[in-house]
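Visitor:
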Amino acid sequence: MHNPQLNNHGELQHLLTIEGLPRAVITHILDTASSFVSISDREVKKVPLMRGKSVFNLFFENSTRTRTTFEIASKRLSADVINLNIAASSTSKGESLLDTIDNLAAMHADMFVVRHAQSGAPYLIAKHLIDTKQPHVHVVNAGDGRHAHPTQGLLDMYTIRHYKKDFSNLRVAIVGDILHSRVARSDIHAMTTLGVPEIRAIGPRTLLPGGLEQLGVRVFTDINEGLKDVDVIIMLRLQNERMTGALLPSAQEFFKSYGLTPERLALARPDAIVMHPGPMNRGVEIDSAVADGAQAVILPQVTFGIAVRMAVMSILAGN
Ligand code: CP
492 MHNPQLNNHG
502 ELQHLLTIEG
512 LPRAVITHIL
522 DTASSFVSIS
532 DREVKKVPLM
542 RGKSVFNLFF
552 ENSTRTRTTF
562 EIASKRLSAD
572 VINLNIAASS
582 TSKGESLLDT
592 IDNLAAMHAD
602 MFVVRHAQSG
612 APYLIAKHLI
622 DTKQPHVHVV
632 NAGDGRHAHP
642 TQGLLDMYTI
652 RHYKKDFSNL
662 RVAIVGDILH
672 SRVARSDIHA
682 MTTLGVPEIR
692 AIGPRTLLPG
702 GLEQLGVRVF
712 TDINEGLKDV
722 DVIIMLRLQN
732 ERMTGALLPS
742 AQEFFKSYGL
752 TPERLALARP
762 DAIVMHPGPM
772 NRGVEIDSAV
782 ADGAQAVILP
792 QVTFGIAVRM
802 AVMSILAGN
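Residue numbering for the sequence shown follows my numbering, beginning at 492 and increasing consecutively.
#1: In whole angstroms, what is the alpha-carbon distance linking Phe527 and Leu739?
#2: Does the count of Cβ pairs from the segment 649–663 and the segment 620–635 closer than 8 angstroms reach three?
#3: Does the beta-carbon of His638, which I'm using as the reference point, lie nearer than 7 angstroms to any heavy atom of ligand 1?
#4: I need the straight-line Cα distance from Ile764 to Ala664, nearest angstrom please.
#5: Would you decide whether Glu562 is buried or exposed? Buried here means 16 or more other CB atoms lie within 10 Å of its CB.
#6: If you follow the alpha helix (DSSP H) that Asn499 is part of, which residue opens it and which one closes it?
#7: Nearest CA to the CA of Gly644: which residue from Val803, Lys656, Leu549?
#8: Exposed or buried, which one is Ser565 when buried takes at least 16 other CB atoms within 10 Å?
#9: Any heavy atom of ligand 1 closer than 7 angstroms to the Cβ of Thr794?
#10: Given a threshold of 16 other Cβ atoms within 10 Å of its Cβ, counted over all protein chains shown, does Asn772 qualify as buried or as exposed?
#11: Whether or not the segment 607–620 and the segment 750–767 are in contact is what I'm after, with contact meaning three or more pairs of Cβ atoms, one per stretch, closer than 8 angstroms; do they touch?
#12: Let me check you understand the geometry: is the CB of Arg558 closer than 7 angstroms to at least one non-hydrogen atom of ligand 1?
#13: What are the start and end residues of each continuous alpha helix (DSSP H) run of 4 or more residues lying completely inside the segment 743–769, in chain order?
#14: Cα-Cα, which of Arg662, Arg606, Ser659, Val630 is closest to His638?
#15: Can you check which of these residues, Gly774, Asp647, Lys656, is closest to His767 by C-alpha distance?
#16: Is Gly686 near ligand 1, in the sense that its beta carbon is under 7 angstroms from a heavy atom of that ligand?
#17: Within the continuous beta strand (DSSP E) that includes Ile724, where are the two ends?
#18: By DSSP's criteria, Leu549 is part of a beta bridge. Which residues make up the other side?
#19: When DSSP builds the beta bridges, which residues end up paired with Asp635?
#20: For the segment 674–691 against the segment 713–733, are there 3 or more C-beta pairs whose distance is under 8 angstroms?
#21: Should Pro768 be counted as a contact of ligand 1 given a C-beta to heavy atom distance under 7 angstroms?
#22: Kindly identify the DSSP beta-bridge partner or partners of Leu506.
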């Protein structure tokens, strides 16, 4: 399908994926986010950049961090935010996704923030808005199936840049269930575009997708080898909801072979940071001593997510 996220002038029209997004656009989003970070320290945590605009949060799949930080970001930009309760909506009576969109667009929606279990659902909505000549309505992908989670990828890049300053001399390891992870895919595309020289994927064969080497990623099935001298570790949750067969003996076995313990963390560089998009499963992919330890930047990731989502929305709204 044609990628409709950039308009004819190369400007961001929708944010659907990081794949193919020019480096200048990614850097502009990160720089704009920097200017929003300090807003949370002010007494009045609001700017009027989206005053009068209506943002609809459409979460067809559960979320804690993404939905809430999009809501906070919308409010800090002075937008009106509507959280559609999907379980109580007419979707449960058989209304199609695009009929729901048409009805919300008729309520003068300016932006849809969409999470969906089906890969491609935000594309479908964006294409429909283009086909029905509604270019003033923007779509932000808040995670679609195992395909993409672009704002998580961007907030991960913001976090790495914050702590490491420069992408050009980093070794970054992504550990765990890469096969089912939209975060891993978005992170890999973002890091490749931003010039990270060494990206490693660590996991059991059953949870590593094909084609990683073609993306320039080094693959390791031995975590002790893969973590050696890395600057950044991105841990991933086992996405049990997306597994269709028995890909692992048990969660305990997984922790024994791939869990991030203090001993394994010591194989990385002494100043390595530990990231996790959440939700975390302690004792499955990460030991509590690491999750709560001095090298973890998991909660700062969540905080940076507000500024990054403000940046994405304000840029889409034309600021
Ligand atoms: N990282 C992330 O997408 O978390 P939620 O599922 O809580 O939004």
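Ideal Cβ positions, reconstructed from N, Cα and C, are used throughout, including at glycine.
Guide: Checking against the coordinates, here is how it stands:
#1: 42 angstroms
#2: no
#3: no
#4: 11 angstroms
#5: buried
#6: It is not in any alpha helix (DSSP H) - Asn499 carries neither H nor E in the DSSP assignment.
#7: Val803
#8: buried
#9: no
#10: buried
#11: no
#12: yes
#13: 753–756
#14: Arg606
#15: Asp647
#16: no
#17: 723–726
#18: Leu575, Val605
#19: His607, Ala639
#20: yes
#21: yes
#22: Val631
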